[in-house]
Each structure stands twice: as structure tokens, then as C-alpha cells.
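Going by our numbering, the first residue of the sequence shown is number 5, and it counts up by one from there.
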Amino acid sequence: MLQEKLEIVKQRFDEVSDLIIQPDIISDQKRYVSLNREYKDLTALMEKRTEFLRLIDNKEEAQALIANEKDAEMLAMAKEEFDTAVSRLSALEEEIRYMLIPKDPEDAKNAMMELRAGTGGDEASIFAGDLYRMYTKYCESKGWNVSVVDMSEGTSGGFKEIIIEITGDNVYGTLKFESGVHRVQRVPQTETQGRVHTSAATVMVLPEAEEFDIELDMSEIRIERTTSTGPGGQSVNTTYSAIKLHHEPTGMIVSCQDQKSSHKNLEKALKVLRSRLYDLELAKKQAADSEKRKSMVSTGDRSAKIRTYNYPQGRVTDHRIGLTLYDLQNIINGDIQKLIDEMLLYQNTEKLKFSEADL
């Protein structure tokens with residue numbers, strides 16, 4: 005029963021409200037951050053609970069009036085009140101059911117996005133550049149901050165690889181299903197005979213790990229300092245500001261040369277390394293839970309072809325949910341909200357199937 009579930013939510017809200025003002029909780033940063041996120045989610049649910057209980061009262065009062073009222077005008081008002089309450093209750097119950105779906109605790113985190121050119125040579129690098137522009141424009145529209153961590157430019161434009169840090173509200177939860185292989189079908193700039201080519205780029209979206217999520221053992225990390233390469237003025241090739249980290253236990257290598265300061269490059273490189281290691285831990289956790297998740301969309305399979313951008317037909321197709329939109333120009337210019345919304349709706353519907361038994 006939904007009302008019983010909301011009473012459990014109320015008990016937890018009261019409990020969390022008390023916990024977040026306790027000195028020992030405030031001093032435990034990891035727990036304090038976690039509880040604050042939960043408090044924010046529970047506050048939104050409590051607002052819905054208040055509306056839900058008010059509508060139940062309105063409905064019951066209207067029912068009582070309809071059963072006993074003799075005055076025609078009052079009876080008509082009571083019937084209108086009853087219909088309004090029933091209609092809103094139906095929509096509100098659906099909203100609450102979705103809000104009661106257990107949230108992925110990673111969703112509220114910032115994200116690291118890594119874009120790499122795949123098959124298709126120069127055209128793949130150009131496409132990786134197009135995707136980078138698409139995502140940065142989308143992030144701008146959300147008021148999120150994007151900062152480049154490292155990049156390797158393509159020989160004819162775009163990027164062989166680019167890593168960006170995205171900070172804002174609920175970044176990972178919004179972008180996590182962008183991970184996978186993105187494919188483009190179009191006539192490359194270098195093609196003289198007008199033939200359509202297929203190229204690909206890979207997108208990886210990782211939740212940005214906090215320092216208390218992953219504790220790095222610096223004795224396992226070899227730090228290599230080199231001069232930066234590429235554009236950037238006279239100081240670029242004369243100061244040892246570029247950083248390359250070698251994580252000995254996993255063999256991971258992370259580079260950062262975006263900042264002029266060696267210290268800032270090291271800070272950014274450590275963020276990327278921490279996020280990649282955290283993502284490995286999450287992948288293990290998801291694998292252990294794979295039976296439960298088998299009908300859901302994975303965020304971990306980087307080799308899965310998820311989307312095709314077909315320029316001759318002006319269409320974008322998401323292969324995971326069978327969605328095709330004939331709006332390529334706007335989408336490639338950053339208007340990807342419809343794609344994201346449809347994916348999240350699909351995922352939430354799947355999750356709801358698992359949680360409905362508890363409601």
C-alpha cells in the first residue's frame with residue numbers, strides 16, 4: 005500500500021533530519037555527504053506525501069457530501085471536488101512510485117567523460133570532435149561546468165582522444181547512458197566521390213570519485229613530468245608541467261597537460277585515475293547484481309553500439325530502445341534532452357517492475 009510506504013518514508017525523513025545535525029555525523033565527511041543527498045531526496049518525497057494526504061482528505065470529504073447532501077449546487081461542487089481529487093491522485097501516485105524507486109547513489113556525482121576516435125581514420129576523429137561539441141553545448145544549456153583534462157588532436161580536426169570533467173547537479177545520473185559506441189554515417193570531407201562512410205567514436209562516462217570514495221596509495225603511482233605538447237605559447241615546451249601517472253597495480257596510464265601549473269595537472273590526473281578505479285569497483289558490483297539487472301540497459305559495456313547519427317537521412321537512432329528522431333541537426337548541436345529523457349523513462353519503467361511488489 006502506497007500510504008504505508010509513505011509512512012516509512014516519513015519515519016526515515018525524521019531520522020535523517022536528526023542525524024545530519026549530530027556532531028559525529030558532521031565530522032564523518034563520507035556519511036555526512038551521503039545523508040545530505042538522502043535528505044534532499046526525502047524532502048521532495050515529503051512534499052508529495054503532504055499533497056497525497058491532502059487529496060485523500062478532499063476525496064473523502066467530497067464522498068461524504070455526495071452521500072448526504074440534498075442541495076443541488078452543493079452536490080455539484082462536491083462531485084467536482086471528488087473528480088479533481090481522483091484525477092490528481094492518479095497522476096500523483098505514478099509520480100510517487102517513480103520517486104520511490106531506489107536511486108543509484110552515484111547519480112548525484114560529477115562525471116568524467118572520455119571520448120575516443122574509433123574506426124574510420126580522420127573522419128572518426130572529426131566525429132569525436134562533433135560529439136565533444138554536442139556534449140559541451142548540452143552541458144552549457146544545463147548550467148554545468150566543463151573543463152578539459154587532456155586531449156590529443158586529430159590530424160584533420162577533431163580529437164583522437166579528449167577527456168573532460170563535468171561538474172553540476174546530477175551530472176552522472178543524466179549522462180551515464182551515453183557510454184558506448186556512437187556511429188556516424190555521412191560523406192566525409194575528404195571523400196571526392198560523394199560516398200557515405202561509416203565511422204565510430206567511443207564515449208565513456210565515469211562517476212567522479214571523491215577522495216573518500218577511493219583512497220589512492222601514492223607509493224603505487226609513478227609520476228612522470230614532461231613538457232607539454234601542442235598549442236599554448238612559449239612556456240608550453242619549456243616547463244615540465246605535463247603529468248603522466250602510471251598506476252602500477254592496474255597498468256592504467258593517465259595524462260594531463262591542460263593546465264600551465266604542474267600541481268593543477270597532477271590534481272586533475274589524480275581525479276581521472278580515482279574515477280577510473282572507482283568505475284572498476286562499480287563494474288564488479290554491477291556484475292554481482294547482473295541477474296537482477298539483466299533486462300535493464302547497461303552503463304558498463306563500452307563496446308555496445310548504442311546510437312547512429314545518419315546525415316543523409318537527418319536521423320538519429322538509439323538502438324537500445326528502438327528510438328529514431330529525425331532531428332539530427334538540433335541533436336548534434338546539443339539538443340539531446342529528448343534522447344536522455346526517453347532512456348531514463350525506459351530505465352525507470354524497468355526498475356519499477358522490480359519495485360512494484362514492495363509498493
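Built from N, CA and C at the ideal position, the CB exists for glycine as well.
The beta carbons of residue 209 and residue 112 sit no closer together than 8 Å. According to DSSP, residue 248 shares a beta bridge with 228, 259. Just measuring C-alpha positions, the residue of 99, 141, 277 sitting nearest residue 55 is 99. By the 16-neighbour rule on beta-carbons within 10 angstroms, residue 351 is buried. In the structure shown, residue 90 falls within a helical segment according to DSSP collapsed to helix, strand and coil. For residue 190, the enclosing beta strand (DSSP E) has its first and last residue at 184-190. In the DSSP assignment, the residues bridged to residue 207 are 119, 184.
Note that the C-beta distance between residue 43 and residue 13 is not below 8 Å. If you check the CB distance, residue 97 and residue 167 do not come in under 8 Å.
With a contact defined as Cβ atoms closer than 8 Å, residue 156 and residue 164 qualify at about 4 Å. Under the DSSP definition of a beta bridge, residue 161 partners with 159.
In the pairwise beta carbon analysis, the region 270-283 is classified as touching the region 250-257: at least three pairs are separated by under 8 Å. In this structure, residue 338 and residue 129 do not form a Cβ contact; the two beta carbons are roughly 20 Å apart against a cut-off of 8 Å. Per DSSP, residue 328 is one residue of the beta strand (DSSP E) stretching across 327-329. Between the region 200-209 and the region 176-184 there are three or more inter-stretch CB-CB distances shorter than 8 Å, so the stretches are counted as touching.
Secondary structure of residue 288 (DSSP, three-state): helix.
Taken through DSSP and simplified to helix, strand or coil, residue 171 comes out as strand. Straight across, the Cα-Cα distance linking residue 33 with residue 6 is about 33 Å. Checking the DSSP bridge columns, you'll see residue 202 partnered with 189. Linking residue 69 to residue 82 through their CA atoms gives a straight-line distance of about 6 Å.
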